[in-house]
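Colleague: Numbering (our numbering), first residue to last: 3 to 259.
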Ligand code: DAK
C-alpha cells in the first residue's frame, strides 16, 4: 500500500516502518497515525514478517511528538478522536503478534516517547533525547505515557519526567531503563537489524507466545500470570517448533524453524 507520511520496507522476514516527515521532525498528525494503524494492522496478519523495526526519517528525530500545529485548533470532541486514534495505534503495536523494536534516532518527545513505549524494545542513538514535555503545552501525555512510563521505569522517575517536562539525553535514558542500550547513530540501524535477525532466527511461534505472556502477564497478579505462563508453555507442545527445536538439540544441529 502507498502511504504519504510513512515508508514501509519488507526485507525477507523483517519489516522496517519509517515515519517520514523529517521537516516537522516526524511529528504525528492524524494522517500519520491513520497510516501507522493501517500499516501495523496489515503487518499483524503478514505471516512472513517475524520482527518489525520502527524509526524516524532523518538524523534529528525519531518523533518530536504529536503535531502541535495540527492539535492547536482541535475542539474537545476532535481532541478525543485524535487521542483515541493515538491509543489505538499504541495498542495495535503493543499487541502486534511480532516483536517490535524502536530504533530511536533522535528526539523522542511527547507522543514520540509514548510511541517508543508501546514497542517491546528500545535502542537509541547517542544523540537521542527523551521527554514528556506536555505540561509545557498545558496538556497531559495522551498516548499512554502516564501509564506505560511508570510501568517501565518506576513511578518516582516517571513522575519526575512527566511533572517537570524535562528532556533527558540517551545516556540518562539508558541509566533509568527507558532504553535497552545506546549506540553510535551510524550503527543504530545495523544494531537493530542484528537484534531483529537474532530474534527472527528463533522459533517464531514461541517468540510470539513469549510476547503474549509477557504483555498480558504484566497486567495480572503473579499467581494468575504464572498459571497463564504454564498454559502457554503447554501449548508449545502442540506445535511443530518444540519437536524440531528439541530434536535439533539432541541431534546436535541447528533447528530449522
Ligand atoms: N509538532 C509540529 N511541528 C513540530 C513539532 C511538533 N511536535 N516539533 C517540531 N516541529 C517542527 C517545528 O515547528 C519546525 O517547523 P518549521 O518552523 O521549520 O516549519 C521543525 O519541526 C523543526 O523544529 P525546530 O526548528 O523547533 O527544531 P529545533 O532543533 O530548534 O528544536 C525540538 C527541536 C524538538 C526541541 C523542538 O522542535 C520542540 O520543542 N518541539 C516540540 C516538542 C514537543 O513539545 N513535543 C510534545 C508535543 S505534545 C492527545 C494525545 C497525545 C498527545 C496530545 C493529546 N489527546 C488525548 C488528544 C501528545 C502530545 C504531544 O506529543
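Virtual Cβ for every residue (Gly too), placed ideally from N, Cα, C.
#1: Ordered along the chain, which non-local residues of its own chain (more than five positions away) have a Cβ less than 6 Å from that of residue 104?
#2: Please report how far the alpha carbon of residue 218 lies from the alpha carbon of residue 63, in whole angstroms.
#3: Shorter than 6 Å, the distance from the beta carbon of residue 136 to the closest heavy atom of the ligand DAK, or not?
#4: If the criterion is Cβ atoms closer than 7 Å, does the pair residue 202 and residue 53 meet it?
#5: Between residue 235 and the ligand DAK, is the CB less than 6 Å from at least one heavy atom?
#6: Report back the beta-carbon spacing between residue 107 and residue 130 to the nearest angstrom; my notes put them in contact at under 8 Å.
#7: What span of residues does the beta strand (DSSP E) with residue 264 cover, start to end?
#8: Would you please state the rounded distance, in angstroms, between the beta carbons of residue 144 and residue 205? I believe it to be under 8 Å.
#9: Can at least three beta-carbon pairs, one atom from the region 24-33 and one from the region 108-116, be found at a separation below 8 Å?
#10: Closest to residue 95 by CA distance: which of 65, 146, 42 is it?
#11: CB residue 207 to CB residue 241, shorter than 7 Å?
#12: I'd like the span of the beta strand (DSSP E) that includes residue 13, first residue to last.
#13: Could you tell me the boundaries of the beta strand (DSSP E) in which residue 105 lies?
#14: To the nearest angstrom, how far is it from the Cα of residue 233 to the Cα of residue 214?
Modeller: A quick look at the data gives this:
#1: 56, 118, 121, 124
#2: 31 Å
#3: yes
#4: yes
#5: no
#6: 7 Å
#7: The structure shown does not extend to residue 264, since the chain is modelled only from 3 through 259, so no value can be given for it.
#8: Contact doesn't hold; Cβ gap of about 37 Å is too wide.
#9: yes
#10: 42
#11: yes
#12: 8-13
#13: 102-106
#14: 12 Å
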